[in-house]
Amino acid sequence: VRAKGVIKQIEQQVVAEASSPKGFRLAQGRNVFVIQAESVQNFVINESINGQQMTPVMNELIQNDSIYFSRYYEQVGWGNTSDAEFISHNGFYPSTKSFSYRAYEENEFITLPSMLKDRGYETIAFHGNDGDFWNRENIYPSQGLDEFISLEDFSEDEMIGIGLSDGEMFRQSLPYLKGRDNPFYSFYITLTSHHPFTMEGLQDQQYEGLNVGAAYEGMVLEAYLETVHYLDYEIGKFIEMLKEADLYENSIIVIHGDHQGLDMRNEEANEQLTDFLNRPYEEKDMFNVPFIVHIPNGGMQEEVTTAGGQIDFFPTMANLLGVETEIQTLGKDLLNITDGFVAKQVHVSRGSFIDNEKIFIMSNDGLFENSRAWMIETGESVDLEACREGYERAIAEIEFSEYVMQNNLIPLIREKGLPYVLQHQP
Ligand code: GP9
């Protein structure tokens, strides 16, 4: 019964791949800039406070040559930011026991960067914190990330919060990219909007800041929004730099949030966001992160409202970049499915899920009948029996993923295919 759900999603993927997939090869051969945005949640997009847009740059980007996945959810485990990287690049769930970059340190992988490498790409990651944080420098080679530029390699010109400012990371990354002969996959992990959301250390005199007004002055919501607004501003400056460096037209610029910044279980944050949103701040808001794919002159402009999660990043990107993944991940290409499904396993009990219509949160006491489910749009409660199939599917996917990773079975998947390994699961 449990494998049924996983098989169902694989079948959907087969159908999608057999037909002519939407968006296939739209960005083939282009340079790739992926900006993994620290703590950025989706509620900031297209939203204003005190008459000021929170993210004017991203809002404008979404309106031009972009695909905006507005119902995209984080699926991180104990490794927070590093798990967002892991699930996005691998299309398998993070470990439920430890952070994935440690738990699966010795494994072999097939990742989006490694598949691009097979097609002639060079790969490079940038991050303004120490290279050994989250075990990144040890695991990046097997993740297909050949070069890693971390705090040790940057000049520490502007330090904010726990590392180099996002503005300096973007600015200092350019010399590493200019003049390359081959297309590159570049992966930026931003940092300034990390808790405790401070702007202390900022030197850029031109940055004007966000005036949230008296209602939220001095509050955690103000601090959070300020750092997100700053990141948005720096993304705008970075895009201008790319244009000047002739690195814009033939590129694809991708922005996705890594995980929540404001925890609904934190009373202060919850109260302030409930006040701001004018309705209860809940799981569907907390897990919802933006996913924006900007393809200059790509001719595609769309908001995708199919529910998707970080596990879908790899197949969705692979389709756009013209890489055939041959059903090797548990993710789905969000441009070519309609039946969205997002399993959650950490921060809420395993078996929780979100689909196109509803959200199901498994009870902490492990009793299905004590769980909660409601419609995303209306908040209307949903009969729990209507969630049983999704609950079983969520558990099946997570258990299968963990079986693959704990037994280092990606080489077997490479040889025999994912359906074979699924069918021979003990
Ligand atoms: C650490 C940075 C933040 O290098 O990526 O990680 P987090 O604490 O958000 O998981």
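Residue 576 in the UniProt record's numbering sits at position 371 of the sequence shown; the count goes up by one each step and never skips. Every residue gets a Cβ at the ideal spot worked out from N, C-alpha and C, and that includes glycine.
C-alpha gap between M263 and H629, whole angstroms: 45 Å
Residue of V281, E352, V498 and L525 minimising C-alpha distance to F274: V498
Contact test: H399 Cβ vs ligand 1 heavy atom, cutoff 7 Å: yes
Residue(s) in a DSSP beta bridge with F558: A548 and F565
Cβ neighbours of V433 in the same chain (closer than 6 Å, five flanking residues each side left out): V245, V249 and S398
Burial state of V206 (16 or more Cβ within 10 Å): Reliability fails at V206, whose pLDDT of 46 lies under 50, so the model's placement of it is uncertain and no value is given.
Opposing strand residues paired with Q258 [DSSP bridges]: S253
Local Cβ density within 10 Å of L482, reported as buried at 16 or more and exposed below that: exposed
Residues of its chain near L540, where Cβ-Cβ distance is below 8 Å and the 5 sequence neighbours each way are ignored: P226, K227, G228, I272, V509, T521, N524 and L525
Straight-line Cα distance separating P485 from L396: 28 Å
Pocket of ligand 1 defined by Cβ to heavy atom distance under 5 Å: N285, T286, N334 and F338
Nearest to W579 (by Cα), restricted to the options E594, E597, D560 and D570: D560
Cβ neighbour criterion (16 or more within 10 Å) applied to Q408: exposed
Strand pairing of N236, partner residues [DSSP]: S456
The stretch 278–287 in contact with the stretch 545–565 per 3-pair CB rule at 8 Å: yes
Meets three-Cβ-pair contact criterion under 8 Å: the stretch 328–339 and the stretch 371–380: yes
Candidates E265, T316, Q233 and S293, of which the one nearest H461 by Cα: S293
Residue range of the alpha helix (DSSP H) that includes T479: E472 to L482
Boundaries (first-last residue) of the alpha helix (DSSP H) holding E445: V425 to E449
Beta carbon of I367 nearer than 8 Å to that of R619: no
Nearest neighbour of L452, chosen from Y390, S370, E361 and I354 [CA to CA]: Y390
Own chain residues within Cβ distance below 6 Å of I457, not counting five before or after: A232, R235, V237 and I500
Bridge partner(s) assigned by DSSP for N493: Y278
Cα-Cα separation, T403 to S355: 21 Å
Nearest-angstrom Cα separation, counted from N569 out to V626: 31 Å
Integer-rounded CB distance, given that V587 should sit under 8 Å from M567: About 14 Å separates the two Cβ atoms, so there is no contact after all.
Among N471, F392, M505 and F353, the one whose alpha carbon lies nearest that of I240: F392
Nearest neighbour of I267, chosen from Q506, K442, G406 and I444 [CA to CA]: Q506
Assigned exposure category for R276 - 16 Cβ within 10 Å defines buried: buried
K537 versus C592: straight-line alpha-carbon distance, rounded: 20 Å
Bridge partners - T328, DSSP secondary structure assignment: Y390
7 Å Cβ shell around N255 - same chain, five flanking residues per side excluded: N416, V417 and G418
Contacting residues, own chain, Cβ-Cβ under 7 Å from L317 (five flanking each side not counted): H294, F519, M522 and A523
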